[in-house]
Structures are given as structure tokens and as C-alpha cells.
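Whatever position you read off the sequence shown (first residue = 1), add 48 for the numbering used here. Ideal Cβ placement from N, Cα and C applies to all residues, glycine included. Please read these numbers as outputs of a predicted model, since none were measured by experiment. Accompanying notes for the structure given below.
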Amino acid sequence: MSGWSSETLLALAREHGTPLYVLDLDRVRAQVRLLEGFDVVRYAQKANPGSALLTALAADGLSVDAVSAGEVLRALRAGFPADRIELVSDVFDREALALIGQHGVRANLGSADLIEPYADCGASRTCTLRINPGFGAGHDRKVTTGGPASKHGIWHTELEATYRRARAAGLVVTGLHVHIGSGVELENLERTIEVMGEWLRQAPASVERVSAGGGLPMPYREGDAPFPVERYVDAWRSARDGWQRELERDITLEVEPGRFLVASAGILITQVHARKRTPDWDWVLVDAGFHTLARPMLYGAHHRITALGDCAGPEQPRVVAGPLCEASDVLTQDKNGTPTPQLLPDVCVGDALCIHDTGAYGMSMASNYNGFPLPAEVVIQNGAVHAVRPRQSLDAMLASDPFDTPPFA
Ligand SMILES: Cc1ncc(COP(=O)(O)O)c(C=O)c1O
49 MSGWSSETLL ALAREHGTPL YVLDLDRVRA QVRLLEGFDV VRYAQKANPG SALLTALAAD
109 GLSVDAVSAG EVLRALRAGF PADRIELVSD VFDREALALI GQHGVRANLG SADLIEPYAD
169 CGASRTCTLR INPGFGAGHD RKVTTGGPAS KHGIWHTELE ATYRRARAAG LVVTGLHVHI
229 GSGVELENLE RTIEVMGEWL RQAPASVERV SAGGGLPMPY REGDAPFPVE RYVDAWRSAR
289 DGWQRELERD ITLEVEPGRF LVASAGILIT QVHARKRTPD WDWVLVDAGF HTLARPMLYG
349 AHHRITALGD CAGPEQPRVV AGPLCEASDV LTQDKNGTPT PQLLPDVCVG DALCIHDTGA
409 YGMSMASNYN GFPLPAEVVI QNGAVHAVRP RQSLDAMLAS DPFDTPPFA
């Protein structure tokens with residue numbers, strides 16, 4: 049998040065406490081503009097479902113995807129009209145079906161067995177199908193959502209049967225969707241354009257929408273090449289133009305990004321609480337851990353870390369770790385869980401660190417593990433700071449399991 053001085057960020061940390069998430073809405077909007085070549089930008093709120101962010105995107109006219117009843121409700125409360133919300137889930141539970149039935153929300157079906165429950169719940173009579181093209185990709189095996197080892201989507205050879213089954217249930221299939229993973233390089237994203245063309249040629253004429261899914265990567269490391277977003281948008285647009293000519297009908301082009309819109313718009317500020325040395329490593333222990341930012345522990349993901357303020361001493365390789373009672377609670381680690389130091393000055397207890405590019409899959413994956421409350425969150429818009437979520441209180445954290453059950457006999 050460029051443009052924010054250390055002093056400003058330190059002042060925010062003093063005012064709101066640490067760990068503290070900061071999200072720049074202006075930066076999110078700049079990312080949205082890069083995808084204007086698509087007819088519909090549907091934000092995948094799993095990346096960051098913060099209320100201020102969703103409210104801003106709803107007001108800007110974006111669409112949104114939801115995975116659960118909770119995410120449908122968040123979208124409705126943020127002001128998204130039902131026809132700009134799509135439920136994209138592997139399983140529809142009763143609450144989700146009741147909610148989309150009540151509001152007429154459309155669903156994207158990733159398994160043929162979802163057809164009948166969806167048709168019976170009174171939601172929209174139209175649906176889209178999520179297709180597994182037989183290949184996947186992503187920044188990690190755990191976020192690869194296509195191919196034979198993936199639970200996601202309807203296997204591409206089963207489309208004919210799925211159209212028949214949807215028709216028998218009284219549903220009209222209006223769209224096709226493909227999402228092969230998260231943090232996918234351009235070449236693999238472009239492969240999905242080819243297969244989409246093949247599916248479209250065999251699809252019923254009711255299919256008039258095509259979703260490119262999400263998965264656009266984020267250059268987390270210094271020196272990583274930026275994603276050639278113009279080339280990506282152009283490739284989908286020119287394919288769409290060709291399909292329209294060939295099929296002689298209009299095709300609406302949709303994209304469903306999460307990370308691309310929000311990752312670079314967020315930072316996490318954390319405070320140093322202890323320093324120590326072991327034979328191999330120089331440790332910096334901070335108040336953010338995998339309960340605050342799970343990506344390093346889950347995927348060995350790299351987030352650039354810098355010190356805020358004037359820290360004495362030369363930069364040396366140092367390992368940054370959190371407060372959890374877990375050996376894996378290390379914010380600088382590789383995919384095998386081995387500590388992987390980053391260059392940091394000789395920070396002292398009380399200093400603050402900035403963990404960069406944490407706007408996606410940061411706060412949305414935070415948990416109360418080990419009894420730590422969820423962190424505070426502020427957003428920045430037009431240069432002004434708004435506190436949107438205070439640090440969770442201990443009472444609020446305990447409220448969902450409130451110790452009012454009498455002892456069992
Ligand atoms: C169906 C679907 N769409 C979109 C996304 C967003 O992915 P990303 O944040 O990589 O753009 C995901 C994430 O896993 C997804 O499962």
C-alpha cells in the first residue's frame with residue numbers, strides 16, 4: 049500500500065491497537081478499473097468480506113459471489129440487489145437454500161446433485177454450471193480447483209447429462225463458469241478460454257453468459273512480474289467476439305476475482321513483543337500469528353515484511369513468528385514449514401512491523417484459535433481513515449459458547 053507514511057501507520061497502530069488490518073478502498077477501485085473490459089465484475093467476497101468494502105463495491109455497481117448463507121446475507125446487507133448476487137457453493141445447506149429461495153438469488157451449480165434442491169427451493173429458475181475442465185493450476189496445490197484431484201465443478205464430459213437433468217427439473221442453464229485455481233499464471237488462464245469455446249459450441253442456446261472465474265495472480269515478492277492484465281482482458285474479449293459471430297447471439301462476459309482486487313490494497317500492522325536467538329535463527333516474536341494471517345502457515349505463502357519507524361541496526365535475515373502455541377506459527381516460512389528469514393533491521397520490543405499485501409485471505413481467514421480475539425480493521429477512502437471494526441472484545445469472543453450450561457450430571 050504505497051503512499052502511506054510510517055508515521056501515519058504507526059499513529060493508526062497506536063490508536064486502534066495491534067494486530068491491525070488496514071485496507072485502502074481507493075486502491076481496490078483502481079484494480080476494479082483494470083477489469084472494465086468485462087461486462088460483469090463479480091467480486092469473490094471470500095477474499096475479504098468486510099462490510100465497508102462490500103458496501104463500497106455494491107454502490108459502485110459490482111456483482112458479488114457468495115459461498116454460504118452468511119455470505120449471501122452479508123451481500124444483501126451491503127446493498128447488493130439479489131440479481132447481482134450469485135451463490136457459488138459445493139454444497140447448499142438448508143439456510144442457504146431458504147435465503148436464496150426467499151430473495152430469488154441465482155446459483156452456480158458445481159455438482160449435478162445440487163440441481164433438484166436448488167430447483168425446489170424457489171430461487172431463480174435460471175442457473176449457471178461450474179465446469180471442471182480436467183486441468184487446474186494455482187500458487188499452491190491446496191488452491192488448485194480443477195483437474196481430477198479437485199472436488200470442484202462438474203466434470204467436463206458430463207455436461208450433456210447435466211443439461212438434461214437441469215431441464216427435467218425445470219431449470220434453464222444460462223451460463224457456463226470455469227475457475228481452475230487461485231494465483232494462476234496467464235498461460236493456464238488462457239487455456240480455459242479454449243475449453244470454454246468448445247463447451248459453448250455444444251451448449252443449449254439458452255447459454256448467454258460466460259464466466260472466466262477468478263484466480264488472477266498477485267506479485268507478492270519484490271521483483272515478481274506484474275500480471276499482464278490487459279492481455280488477459282483482451283484475450284477473453286476477442287474470444288467472446290468470435291463466439292458471438294459464430295453462434296449469432298450476444299454473450300455476456302463475466303469475471304470473478306477476489307485476490308486481484310484486494311490483496312495489494314491491504315496491510316497488517318503488528319507489534320514486536322520479544323526477540324531471541326537460536327543457533328540458526330534470529331527471531332522476532334510479534335502479536336500477529338496464523339490466527340491473524342493464515343497464508344504463510346497454510347501455503348508457505350510469502351508476504352513482504354518491513355519495519356515501521358526508525359529502527360536501529362543493519363538489516364539482517366530474521367524470522368518473524370507469532371504468539372500461538374504452535375510450532376507452525378511462523379509468518380516467514382516455506383512450503384515445508386521451514387523458517388525462511390527476511391531482511392529486517394534490528395527491531396526492538398515495542399517496534400511495529402508492516403506485513404504487506406494482506407488484503408486478500410487475511411482477515412477473512414482470521415480465527416479465535418488459542419483464545420485470541422479477532423483484530424481491528426480500518427479502511428482508507430479518499431485519504432480519510434475510517435474505523436470499521438474494533439478489535440473483538442474478550443466478551444464478544446466468548447459469547448458464542450457462553451458457559452451458561454449447567455454441569456452435566
Ligand atoms: C468459484 C471461485 N471464484 C472466484 C474465486 C476467487 O479466486 P481469486 O481470489 O484467486 O481470484 C474463488 C477462490 O477460490 C472461487 O472458488
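Mind listing, in chain order, the continuous alpha helix (DSSP H) runs of no fewer than 4 residues lying wholly within the stretch 199 to 244? Qualifying alpha helix (DSSP H) stretches, in chain order: 207 to 216.
Among all residues, which have a Cβ less than 5 Å from at least one non-hydrogen atom of ligand 3, and in what chain order do they fall? Questions concerning ligand 3 fall outside what the structure shown contains, since the ligands it does hold are ligand 1.
Tyr478 - containing beta strand (DSSP E), residue span: Here the chain comprises residues numbered 49 to 457, so residue 478 is not present and cannot be evaluated.
Considering only C-alpha positions, which residue in the set Ser312, Asp394, Gly184, Ala59 is nearest to Glu270? Out of Ser312, Asp394, Gly184, Ala59, the CA that lies nearest to the CA of Glu270 is found in Ser312.
Cβ distance (whole Å) where Lys190 is taken to contact Tyr347 below 8 Å: With 8 Å as the limit, Lys190 and Tyr347 qualify as a contact, their Cβ atoms being about 6 Å apart.
Whose C-beta lies closer than 6 Å to the C-beta of Val88 among residues of the same chain, with five residues either side of it excluded? Result list for Val88: Ser111, Glu302, in chain order.
Can you give me the C-alpha to C-alpha distance between Ser137 and Val277, rounded to a whole angstrom? Taking the straight line joining both Cα atoms gives about 27 Å.
Simplified DSSP state of Ser286, which is helix, strand or coil: Looking at Ser286 - three-state DSSP - the assignment turns out to be helix.
Give every residue of the same chain whose Cβ lies closer than 8 Å to the Cβ of Ile202, excluding the five residues on either side of it in the sequence, and list them in chain order. If we look at Ile202 and ignore the five residues flanking it on each side, its Cβ neighbours are Leu157, Gly158, Ser159, Ala160, Leu177, Arg178, Ile179, Asn180, Thr210.
My assumption, with CB atoms under 8 Å, is that Val540 sits in contact with Cys396. Please give the rounded CB distance. In this structure the chain extends from 49 to 457, so residue 540 is not present and cannot be described.
Looking at C-beta atoms only, is the number of pairs between the stretch 93 to 108 and the stretch 408 to 423 that lie closer than 8 Å three or more? Short answer: they touch.
The beta strand (DSSP E) that contains Val310, what's its start and end? Taken as a continuous stretch (DSSP letters only), Val310 belongs to no beta strand (DSSP E), being part of the alpha helix (DSSP H) at 307 to 310.
Once DSSP output is grouped into helix, strand and coil, what is the label at Pro344? The three-state secondary structure of Pro344, taken from DSSP, is helix.
Cβ-based neighbour list, Gly182, same chain, cut-off 6 Å, excluding 5 preceding and 5 following: The answer, listed in chain order, is His204.
By Cβ distance, which residues of its chain are closer than 6 Å to Val427, with the 5 residues on each side in sequence left out? Closer than 6 Å at the Cβ level, and outside the excluded window around Val427, lie Leu71, Leu73, Ala100, His434, Val436.
Select from Ala424, Gly186, Gly262, Glu363 the residue whose C-alpha is nearest the C-alpha of Ala336. Relative to the Cα of Ala336, the nearest Cα in the group Ala424, Gly186, Gly262, Glu363 belongs to Ala424.
For Leu372 versus Pro67, is the C-beta distance shorter than 8 Å? Cβ atoms of Leu372 and Pro67: not closer than 8 Å.
So, are the CB atoms of Thr174 and Gly184 less than 8 Å apart? Contact flag unset, no.
Could you tell me whether the Cβ atoms of Arg77 and Asp113 are closer together than 8 Å? Their beta carbons are not under 8 Å apart, which means Arg77 does not touch Asp113 by this criterion.
May I have the straight-line CA-CA distance separating Pro274 from Pro265, to the nearest angstrom? Each residue's alpha carbon lies about 9 Å from the other.
Are Arg122 and Gln93 touching if we call contact CB-CB under 8 Å? Contact flag set, yes.
What does DSSP give as the partner residue(s) for Gly385 in the beta ladder? Beta-bridge analysis with DSSP links Gly385 to no other residue.
Under the three-state DSSP convention, the category Pro165 falls into: In the structure shown, Pro165 sits in a helix (DSSP, three-state: H, G or I).
Quick check on Gln79: does DSSP put it in helix, strand or coil? Of the three classes helix, strand and coil, the one that applies to Gln79 here is helix, per DSSP.
Tell me the start and end of each unbroken beta strand (DSSP E) in the stretch 324 to 373 that is at least 3 residues and wholly inside, in chain order. The DSSP assignment places 330 to 334, 353 to 356, 364 to 369 as complete runs of the beta strand (DSSP E) inside the stretch 324 to 373, in order along the chain (cut-off: 3 residues).
For Asn180, which residues does DSSP report across the bridge? Assignment of beta-bridge partners to Asn180 by DSSP yields Trp203.
Nearest residue (CA-CA) to Arg439, options Ser53, Glu55, Leu60: Put simply, of Ser53, Glu55, Leu60 the residue whose alpha carbon is nearest the alpha carbon of Arg439 is Leu60.
Going by the beta-carbon positions, is the gap between Leu401 and Val367 smaller than 8 Å? For Leu401 and Val367, no; Cβs fall outside 8 Å.
Do Ala360 and Asp394 have their C-beta atoms within less than 8 Å of each other? Yes; because the gap between Cβ atoms is below 8 Å, this pair is in contact.
Going by DSSP, which residues form a beta bridge with Ala155? According to DSSP, Ala155 bridges with Leu135, Cys175.
Is it right to say Leu240 is buried, meaning 16 or more other beta carbons lie within 10 angstroms of its own, or is it exposed? Per the sequence shown, the amino acid found at residue 240 is Thr instead of Leu. Thr240 counts as buried, since no fewer than 16 other beta carbons sit within 10 angstroms of its beta carbon.
So, for Gly152: in the same chain, excluding its five sequence neighbours on each side, which residues have a beta-carbon less than 7 Å away from its beta-carbon? Cβ neighbours of Gly152 beyond the five flanking positions: Ala130, Ala171, Ser172.
Near Tyr268, what residues of its chain come up, given a Cβ to Cβ distance below 6 Å and the 5 sequence neighbours on each side ignored? Only His350, Asp405 meet the Cβ criterion.
Alpha carbon of Val258 to alpha carbon of Arg288, nearest angstrom: The straight-line gap from Cα to Cα measures roughly 9 Å.
Which of helix, strand or coil DSSP assigns to Tyr69: It is a strand residue.
Where Arg293 sits in the DSSP three-state scheme: Arg293: helix per DSSP, three-state reduction.
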